[in-house]
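A.B. asks: Residue numbers (the working numbering): 5 to 249. Supplied in structure tokens, the structure appears directly below.
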Ligand SMILES: C[S@@+](CC[C@H](N)C(=O)[O-])C[C@H]1O[C@@H](n2cnc3c(N)ncnc32)[C@H](O)[C@@H]1O
């Protein structure tokens, strides 16, 4: 099967490969977090074409959204496709302490310098703010195989490794509030029938979710007391702006 990855595909083709039930589930998951935290300032890190961010901006008209993406082609596509007054685009995370919620979907396993980015995300959140991070589940056999194959093909993919990243979250100052596994049906299954959706709900409520959930979802909170560890003793450095040609 031809793999459509964000750094090789036309933005519209990439977006279409991500659509359907899988995208809807992810959108609902983030929407739930935004409602739970009463978020007003929301940032998506690694927004791709920005469709999820745009749909959320439409659903939450009183909140302000910033779609942060380093790939200029994806940003250009998103800017010309999705126009909402409460949606801004950027190549960098916004000012320190400005976000109520940051979310990222399948981004951590693409980062060159995770610890540094985790520090920056922590600093971007207001104290008490939350980062919702979704990543491919390494324990799902088909996901692990697909990630490994793309990695070997040099498609800019790697695995998300929980036992490496969870200590990194904590070192950056986050409290790991929850980790759960979900999304039984991958993006290739655009419209699963009703019985398949009920099966997915059942799997997600069982111990099988750990190996049959395509995604692992973390809720990471910046505590009100305490904060990011800044070994340098000064202000945390922003992530350098990295542009692809
Ligand atoms: C697998 S794609 C996921 C895109 C989108 N979240 C989605 O689910 O369709 C990962 C995205 O993260 C972006 N990315 C990687 N490192 C980044 C960084 N340091 N800052 C912003 N975006 C980044 C990539 O350019 C890419 O668009």
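Each residue gets a CB set at the ideal place from its N, CA and C atoms; glycine is no exception.
By the three-class DSSP mapping on this structure, what secondary structure does residue 1 have?
C.D. replies: What is shown of the chain runs 5 to 249, which leaves residue 1 out entirely.
A.B. asks: In chain order, what residues of the same chain have a beta carbon less than 7 Å from the beta carbon of residue 141, not counting five sequence neighbours either side?
C.D. replies: Hits under 7 Å: 147, 185, 217, 218, 219 and 220.
A.B. asks: Assuming residue 32 and residue 46 make a contact with CB atoms under 8 Å, what is their CB distance in whole Å?
C.D. replies: Contact doesn't hold; Cβ gap of about 15 Å is too wide.
A.B. asks: Quick check on residue 181: buried or exposed, where buried means 16 or more other Cβ atoms within 10 Å of its Cβ?
C.D. replies: Residue 181 comes out exposed.
A.B. asks: With distances taken between CB atoms, is the gap from residue 200 to residue 189 smaller than 8 Å?
C.D. replies: Yes, the pair counts as a contact, with Cβ atoms nearer than the cut-off.
A.B. asks: Answer yes if the segment 53 to 64 comes into contact with the segment 122 to 130, meaning at least three C-beta pairs across the two stretches below 8 Å, and no otherwise.
C.D. replies: As far as the Cβ criterion goes, the segment 122 to 130 does not touch the segment 53 to 64, which means the pair count is below three.
A.B. asks: What did DSSP end up calling residue 205 once you bin it into helix, strand or coil?
C.D. replies: The answer is helix: DSSP assigns residue 205 an H, G or I state.
A.B. asks: Give the secondary structure of residue 238 by DSSP, where H, G and I count as helix, E and B as strand, and everything else as coil.
C.D. replies: Because the pLDDT at residue 238 is just 32, under 50, the model does not fix this residue reliably, and the point stays unresolved.
A.B. asks: Quick check on residue 197: does DSSP put it in helix, strand or coil?
C.D. replies: Coil, per DSSP.
A.B. asks: List the residues that DSSP assigns as beta-bridge partners of residue 135.
C.D. replies: DSSP output for residue 135 lists 106 and 224 as bridge partner(s).
A.B. asks: Is residue 136 closer than 8 Å to residue 229 when the C-beta atoms are compared?
C.D. replies: No; because the gap between Cβ atoms is not below 8 Å, this pair is not in contact.
A.B. asks: Among the residues of its own chain, which have a CB less than 6 Å from the CB of residue 213, if the five just before and after it don't count?
C.D. replies: So the list reads 185 and 207, once near-sequence residues are dropped.
A.B. asks: What are the start and end residues of each continuous alpha helix (DSSP H) run of 4 or more residues lying completely inside the segment 43 to 100, in chain order?
C.D. replies: DSSP runs (the alpha helix (DSSP H)) wholly in the segment 43 to 100: 55 to 63 and 76 to 85.
A.B. asks: Quick check: the Cα distance between residue 203 and residue 100, rounded to an integer number of angstroms?
C.D. replies: Going from the Cα of residue 203 to the Cα of residue 100 covers about 42 Å.
A.B. asks: Please classify residue 219: does DSSP put it in a helix, a strand, or coil?
C.D. replies: Three-state DSSP puts residue 219 in a strand.
A.B. asks: Would the beta-carbon of residue 37 fall within 8 Å of that of residue 107?
C.D. replies: The answer is yes: Cβ separation under 8 Å.
A.B. asks: To the nearest whole angstrom, what separates the beta carbons of residue 72 and residue 97, a pair I think is in contact under 8 Å?
C.D. replies: At roughly 6 Å, the Cβ-Cβ gap stays under 8 Å, so residue 72 and residue 97 are in contact.
A.B. asks: Considering only DSSP beta bridges, list what residue 185 is partnered with.
C.D. replies: Residue 185 is bridged to 220.
A.B. asks: Give the secondary structure of residue 145 by DSSP, where H, G and I count as helix, E and B as strand, and everything else as coil.
C.D. replies: Helix, per DSSP.
A.B. asks: Does the Cβ of residue 75 have 16 or more other Cβ atoms within 10 Å, making it buried, or fewer, making it exposed?
C.D. replies: Residue 75 is buried by the Cβ-count criterion.
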